[in-house]
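Peer 1:
Numbering (the working numbering), first residue to last: 2 to 363.
Shown next, in the form of structure tokens:
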């Protein structure tokens, strides 16, 4: 059954608080002192941007309702007002539906940047090459959206792919990276003829993708006493040494057993900072998973092992086809997707999430 149109009473509780918060944010953002702290200004700016369409739509709806009342009163004297009343009567439900969409609770991490890990799985060297293809796809997608990317750590394979690679992706605008890439976590399966195959046979291999919202220091407090830090010499493909100093860093978080290693930078200090950055993101994800476990958190689809049976998406090269198995998305432009044209794929997942939330709140 379709949900009744929103009444002013339906909106009062939520919007009174949101309108008050919006006004407070306007005052804070107008204060030059706030902009001295860039992190604070960015946080306030993002929240302001979230509320702007809600407040704008509510004000437009409120104005339309007042205009409808006035037009109805004047319709008996002037036919033009009767036509206006009819237009407003048709427009108001559309505004109510738009506002209902905007008031659906958002994922609290939607405005966050992300840390993404891509790991080769079944398929040996071919899987490592595919992991490299996935990395390029996400880097090109980020480039199209004007996002900033940074390869934090990597373990290259002998043929130019990656056994394991970690990348940070940061937005420059108000839209958070997490809101668009949070559904990328899972096993990605590829079907193609490997470069190592001499008989031209199609093989299936897989790579795993893990996505974490990037945690600020205020999000996760790490006690230095809970860390064991080891240093060692970094190495490249095949295990050969690429550094004559002990610059690589391995951090073990003793309470959880989470281990993070970084060796990309020449400086031990830089590698330590990168490792801590990844550790914070993983610990935040763990804490959120535990908090949401009872409600079957959305991250249940993220995998910890690269098993082809847990695939979320298939990349079929012979048919130039990409398929997302969670929402039934299918398209025959795999070459473009791998070149970063990922918008249609990610939007299908975002739309499915919104439809589910609307159903829950109907």
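For each residue, glycine too, the CB sits at the ideal point set by N, CA and C.
Whole angstroms is fine: what's the gap from residue 232's alpha carbon to residue 248's?
Peer 2: Distance between the alpha carbons of residue 232 and residue 248 is about 6 Å.
Peer 1: Please identify the residue among 251, 23, 323 and 146 whose C-alpha is closest to the C-alpha of residue 264.
Peer 2: Closest by alpha carbon: 251.
Peer 1: So within the region 158-214, which uninterrupted alpha helix (DSSP H) runs reach at least 4 residues, ignoring any that extend past its ends?
Peer 2: Listed in chain order, the complete alpha helix (DSSP H) runs (minimum 4 residues) inside the region 158-214 are 178-182.
Peer 1: Helix, strand or coil: which one does DSSP assign to residue 100?
Peer 2: Helix.
Peer 1: How many angstroms separate the CA atom of residue 258 from the CA atom of residue 143?
Peer 2: Looking at the two C-alpha atoms, the distance is approximately 32 Å.
Peer 1: Counting only beta-carbon separations shorter than 8 Å, does residue 136 have a partner in chain D?
Peer 2: The chain inventory of the structure shown lacks chain D, comprising one protein chain alone.
Peer 1: To the nearest angstrom, report how far apart residue 353 and residue 326 are at their CA atoms.
Peer 2: In a straight line, the C-alpha of residue 353 is about 12 Å away from that of residue 326.
Peer 1: Output the distance between the C-alpha atoms of residue 412 and residue 66, rounded to the nearest integer angstrom.
Peer 2: In this structure the chain extends from 2 to 363, so residue 412 is not present and cannot be described.
Peer 1: Are the beta-carbon atoms belonging to residue 192 and residue 334 less than 8 Å from one another?
Peer 2: Cβ distance not < 8 Å, so residue 192 and residue 334 don't count as in contact.
Peer 1: So, residue 211 versus residue 186, is the Cβ gap smaller than 8 Å?
Peer 2: Cβ atoms of residue 211 and residue 186: closer than 8 Å.
Peer 1: Rounded to whole angstroms, what is the Cα-Cα separation between residue 343 and residue 351?
Peer 2: Going from the Cα of residue 343 to the Cα of residue 351 covers about 12 Å.
Peer 1: Please work out which residues of its chain come closer than 8 Å, Cβ to Cβ, to residue 163, disregarding the five sequence neighbours upstream and downstream, and give them in chain order.
Peer 2: Same-chain partners within the cutoff: 119, 121, 129, 132, 133, 136, 155, 156 and 157.
Peer 1: Quick check: the region 12-26 against the region 41-51, are at least 3 beta-carbon pairs closer than 8 Å?
Peer 2: Yes, since at least three Cβ pairs between the region 41-51 and the region 12-26 fall closer than 8 Å, the two stretches touch.
Peer 1: Less than 7 Å between C-beta atoms, sequence neighbours within five positions excluded: which residues of the same chain meet that for residue 239?
Peer 2: Confidence at residue 239 is low in this model, with a pLDDT of 43, below 50, so the placement of that residue should be treated as unreliable; the coordinate-derived value is given next. Only 159 meet the Cβ criterion.
Peer 1: Hey, quick one: how far does the beta strand (DSSP E) through residue 331 stretch, first residue to last?
Peer 2: Unbroken beta strand (DSSP E) run through residue 331: 330-332.
Peer 1: Taking DSSP's pairing of strands, which residues face residue 117 in a bridge?
Peer 2: For residue 117, which the question treats as bridged, DSSP gives the partners 168 and 212.
Peer 1: Can you name the start and end residues of the beta strand (DSSP E) that residue 1 belongs to?
Peer 2: Coverage of the chain is limited to positions 2 through 363, which leaves residue 1 absent and any answer about it impossible.
Peer 1: What does DSSP give as the partner residues of residue 347 in its beta bridges?
Peer 2: For residue 347, which the question treats as bridged, DSSP gives no partner whatsoever.
Peer 1: Quick check on DSSP: helix, strand or coil for residue 317?
Peer 2: Three-state result, residue 317: strand.
Peer 1: Taking the straight line between their C-alpha atoms, what separation do you get for residue 169 and residue 260?
Peer 2: Rounded to whole angstroms, residue 169 to residue 260 spans 18 Å at the Cα level.
Peer 1: Got a sec? Which residues, its chain only, sit under 8 Å from residue 371 by beta carbon, not counting five neighbours each side?
Peer 2: Because the chain is modelled from 2 through 363, residue 371 falls outside the range shown and cannot be assessed.
Peer 1: Would you kindly report the start and end of the unbroken beta strand (DSSP E) that includes residue 253?
Peer 2: 249-254 is the extent of the beta strand (DSSP E) around residue 253.
Peer 1: Count the other CB atoms, across all protein chains shown, that sit within 10 Å of the CB of residue 348; report buried if there are 16 or more and exposed otherwise.
Peer 2: Residue 348 is exposed by the Cβ-count criterion.
Peer 1: What does a CB cutoff of less than 7 Å around residue 172 pick up in its chain, not counting 5 residues either side in sequence?
Peer 2: 114, 148 and 178, listed in sequence order.
Peer 1: How far does the beta strand (DSSP E) with residue 324 in it extend, from its first residue to its last?
Peer 2: That run of the beta strand (DSSP E) goes 322-325.
Peer 1: Alpha carbon to alpha carbon, how far is residue 184 from residue 274? Give it in angstroms, no decimals.
Peer 2: Distance between the alpha carbons of residue 274 and residue 184: 27 Å.
Peer 1: Report yes if the CB atom of residue 221 is closer than 8 Å to the CB atom of residue 312, and no otherwise.
Peer 2: No, they are not a contact pair.
Peer 1: Under 8 Å by Cβ, that's how I've got residue 281 and residue 153 pegged, so tell me the actual separation to the nearest angstrom.
Peer 2: That pair is no contact at about 12 Å.
Peer 1: Taking the straight line between their C-alpha atoms, what separation do you get for residue 320 and residue 283?
Peer 2: Distance between the alpha carbons of residue 320 and residue 283: 36 Å.
Peer 1: For residue 202 versus residue 196, is the C-beta spacing smaller than 8 Å?
Peer 2: No.
Peer 1: With distances taken from CA atoms, which of 150, 101, 99 and 95 is nearest residue 116?
Peer 2: The candidate whose alpha carbon is nearest that of residue 116 is 150.
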